[in-house]
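If you're matching them up, the sequences are chains A and B in order. Once you know that position 115 of the first sequence is 115 in our numbering, the rest is easy, because the numbers rise by one and skip nothing. Position in the second sequence counted from 1, then plus 165, gives you our numbering. As structure tokens, the structure follows; a few thoughts come after it.
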Amino acid sequence: MKKNVTIKVNGADRRAAVEPRLLLVHFLREVAGLTGTHVGCETSLCGACTVLLDGRAVKSCTVLAVQADGRKVTTVEGLADGDKLHPIQEGFWEEHGLQCGFCTPGMIMCSHDLLEHHPNPSDSEIRAGINGNLCRCTGYQHIVAAVRNASKKMSKRATARAGAR
Amino acid sequence: MKAFEYATPETKEQAVSLLGASWGQAEILAGGTDLLALMKDDVVAPKRLVNIKEIKDLKGVTSSAEGFRIGALTTLGDLADNANVLKEYPALADALNEAASPQIRNLATLAGNLCQRPRCWYFRNGLGLLPKSEGGKDLVAEGENRYHAILGNDGPAKFVSPSTIVPALIAYGAKLRLVGPRGKREVPLEKFYAIPATETEREHDLRPNEIVTEVIIPPAHGVMAAHYEIRQKATFDWPLAVAAVALTMNGSRVESARVVMGYVAPVPWISPEAEQALVGQPINAETAQKAADAALGNAKPLSQNAYKVQLARVAVKRAILKAGGAA
Ligand SMILES: Cc1cc2nc3c(=O)[nH]c(=O)nc-3n(C[C@H](O)[C@H](O)[C@H](O)COP(=O)(O)OP(=O)(O)OC[C@H]3O[C@@H](n4cnc5c(N)ncnc54)[C@H](O)[C@@H]3O)c2cc1C
Ligand code: FES
Ligand code: FES
Chain A
1 MKKNVTIKVN
11 GADRRAAVEP
21 RLLLVHFLRE
31 VAGLTGTHVG
41 CETSLCGACT
51 VLLDGRAVKS
61 CTVLAVQADG
71 RKVTTVEGLA
81 DGDKLHPIQE
91 GFWEEHGLQC
101 GFCTPGMIMC
111 SHDLLEHHPN
121 PSDSEIRAGI
131 NGNLCRCTGY
141 QHIVAAVRNA
151 SKKMSKRATA
161 RAGAR
Chain B
166 MKAFEYATPE
176 TKEQAVSLLG
186 ASWGQAEILA
196 GGTDLLALMK
206 DDVVAPKRLV
216 NIKEIKDLKG
226 VTSSAEGFRI
236 GALTTLGDLA
246 DNANVLKEYP
256 ALADALNEAA
266 SPQIRNLATL
276 AGNLCQRPRC
286 WYFRNGLGLL
296 PKSEGGKDLV
306 AEGENRYHAI
316 LGNDGPAKFV
326 SPSTIVPALI
336 AYGAKLRLVG
346 PRGKREVPLE
356 KFYAIPATET
366 EREHDLRPNE
376 IVTEVIIPPA
386 HGVMAAHYEI
396 RQKATFDWPL
406 AVAAVALTMN
416 GSRVESARVV
426 MGYVAPVPWI
436 SPEAEQALVG
446 QPINAETAQK
456 AADAALGNAK
466 PLSQNAYKVQ
476 LARVAVKRAI
486 LKAGGAA
């Protein structure tokens, strides 16, 4: 029997009647039409499907859409402010943190959780923070540099904001 | 994944009444990080999922004279960041931080971790916990057993207990509370696991219509404890051997010891031999080695996993030295 769910995706309520077995990643891609979240392994190993659920990174291939009912989901589409990229997106752009880009949305969303909770991570903390995400292209070095770049930008902006008050 | 009915009760009593009296009808859904994987592969195919995440009584942590009470739904991530865990229970903090990956720790609950099913590849491929060929041969003994048990493997069960957090909890003397149709009960965590002898039994003493409600860890003042695990890859992999050790000291000598191994047997494996070897001794490389040798003295490797005996020995030795502050 289908269940009605309301999930706030990137700030907008998405309502649908779904089968309880529908995975959140398929809800996002097929019901909400947001294909920025990728499906790699569908077995909670690769991290390509990482989104934020109430602000925390989760693998959306191992969450049911019904488990997200009434909660907030942020996908990679929800980060930029119009044409202005999020500092983590800028970091990946500036440091060439991607090649094919398949892992990138998941890497960015996982880094988002990391930087929200540890604003100035060391390189080893960055590596531990993204250790649930696999990349077959970059060798990770540029991804670590991208996250480091983003953390500097984000703390600079936080200081600027604090100074303006 | 097979279709199922989805229920979200708000009280423990409602949840218990939604569960079936035998396995296979309904399953409890907490974080879903293990159960959904089993359902995707049709290893488990419940007719009903009982989502317990809205039950308020199962949330939160509190400290009292009895110890530290951890609600069943507490996530591994929240527990790893808990100030009391970092201060009082460092071996648990280490185990939590090394488990899985950030995304999994954000969803995985403590009770789900204690009740997660074995990682044995025969089980995960739908061949059961005690896999047999059509001709009745023991598939593990005759097949691919490099990650299987080296202790407690005389019977048909040769999988290994999957939690890397349970050994530390047992070393600290944790207890579990459960609720079922006949009310509440309490079990020491070490008694919660059992080696199944037939395919209809599970690897833990959980009844089909029971819910784990909380875990209680006694105060650990004066306890020196450590967790040590060995993995093939540095991160994000299931380990090959885990050891947790808790010591109380009388001056520079061991007064009492708990030595618990994970990933070596179908249950978390407590070693009274290692404990006896430590009592009355100071902690140094020699006494730690003797205790580690004693811990693995009864090991019986299968055809492909003799290497695990040495890995487990090293894990025990290093956990003892770390607990004693000598590593
Ligand atoms: C990639 C990956 C890596 C991992 N690495 C590790 C690791 O290093 N160490 C480790 O210890 N674990 C590891 N795990 C396992 C992980 O910790 C467990 O999947 C998780 O803890 C299960 O919790 P959950 O809340 O998601 O449980 P669920 O998946 O919801 O449930 C798991 C089982 O427990 C039962 N259950 C849940 N809650 C209760 C309750 N309150 N009462 C009774 N039964 C209940 C369910 O019915 C089900 O059978 C890993 C998992 C993955 C996917
Ligand atoms: S697609 Fe979800 S972890 Fe790989
Ligand atoms: S950039 Fe190709 S998988 Fe990471």
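Virtual Cβ for every residue (Gly too), placed ideally from N, Cα, C.
Distances taken from the Cβ of Gln397/B to the heavy atoms of ligand 1 include none shorter than 7 Å. As the crow flies, the alpha-carbon of Leu316/B is around 10 Å from that of Met426/B. Annotation note: the stretch 222-299 of chain B contains the following uninterrupted beta strand (DSSP E) runs of length 3 or greater, listed N- to C-terminal: 226-229, 232-236.
Boundaries of the beta strand (DSSP E) harbouring Arg15/A: 12-18, taken from the DSSP string. For Leu24/A and Ala464/B, the gap between their C-alpha atoms comes out near 44 Å.
Taking every protein chain shown into account, the CB of Trp93/A has fewer than 16 other CB atoms within 10 angstroms, so this residue is exposed. Buried is the label assigned to Pro431/B, since at least 16 other Cβ atoms lie within 10 Å of its Cβ. Contact between the stretch 407-424 of chain B and the stretch 293-303 of chain B is absent, with fewer than three C-beta pairs closer than 8 Å.
When secondary structure is reduced to three states using DSSP, Thr104/A falls in the helix class. Secondary structure note for Glu420/B: it is in no alpha helix (DSSP H), and the uninterrupted beta strand (DSSP E) holding it is 418-427.
Residue contact with chain B for Gly129/A: present (Cβ-Cβ distance below 8 Å to some residue of chain B). For Ala390/B, the uninterrupted beta strand (DSSP E) segment begins and ends at 389-395.
Distance from the CA atom of Tyr312/B to the CA atom of Gln89/A, rounded to whole angstroms, is 41 Å. Shown here, Ala471/B sits in coil according to DSSP, grouped into three states, outside any helix or strand. Distance from His369/B to Ala362/B at the Cβ level is roughly 14 Å; contact not present, criterion being Cβ atoms closer than 8 Å. Taken in chain order, the complete alpha helix (DSSP H) segments of 4 residues or longer contained in the stretch 320-348 of chain B are 331-336. Close partners of Tyr171/B in chain A (Cβ separation under 7 Å): Lys3, Pro20, Val66. Interface annotation for the stretch 387-404 of chain B against chain A: Thr400, Phe401, criterion Cβ-Cβ distance under 8 Å. Closer than 9 Å at the C-beta level to chain A, one finds these residues of the stretch 247-268 of chain B: Asn262, Ala265, Ser266, Pro267, Gln268.
Asp113/A reaches chain B at Pro267, counting residues in chain order whose Cβ is nearer than 7 Å. According to the DSSP assignment, Ala439/B belongs to the alpha helix (DSSP H) that extends over 437-443. Taking CB atoms only, Thr227/B has no neighbour in chain A less than 8 Å away. Counting only residues of its own chain and dropping the five nearest sequence neighbours on each side, His38/A has a CB closer than 7 Å to the CB of Ala48, Cys49, Phe102, Pro105, Gly106. If you look at Glu94/A, you'll find it in the alpha helix (DSSP H) that goes 87-94.
Out of Lys72/A, Ser151/A, Asn10/A, the CA that lies nearest to the CA of Leu115/A is found in Ser151/A. When Cβ-Cβ separations below 8 Å define contact, Ala273/B makes no contact with chain A.
Across the set Glu219/B, Val331/B, Ala168/B, the C-alpha of Val331/B shows the shortest separation from the C-alpha of Phe357/B. Think of a sphere of 9 Å around the beta carbon of Thr329/B: no beta carbon from chain A falls inside it, the nearest being about 15 Å out. Lys177/B sits in a helix when the DSSP states are folded into three classes. If you check the CB distance, Lys224/B and Gly236/B come in under 8 Å. For ligand 3, the residues with a Cβ under 5 Å from any of its heavy atoms are, in chain order, Leu98/A, Gln99/A, Cys100/A, Phe102/A, Cys103/A, Cys135/A, Arg136/A, Cys137/A.
In terms of Cβ geometry, Leu183/B and Val215/B form a close pair [threshold 8 Å]. What Asn216/B touches in chain A, judged by beta-carbon distance under 8 Å, is Val66, Gln67, going in chain order. Secondary structure of Ala80/A (DSSP, three-state): coil. Within the stretch 50-62 of chain A, the residues whose Cβ lies closer than 7 Å to any Cβ of chain B are, in chain order, Thr50, Arg56, Ala57, Val58, Lys59, Thr62.
In the three-state reduction of the DSSP assignment, Leu184/B falls in the coil class, being assigned neither a helical nor a strand state.
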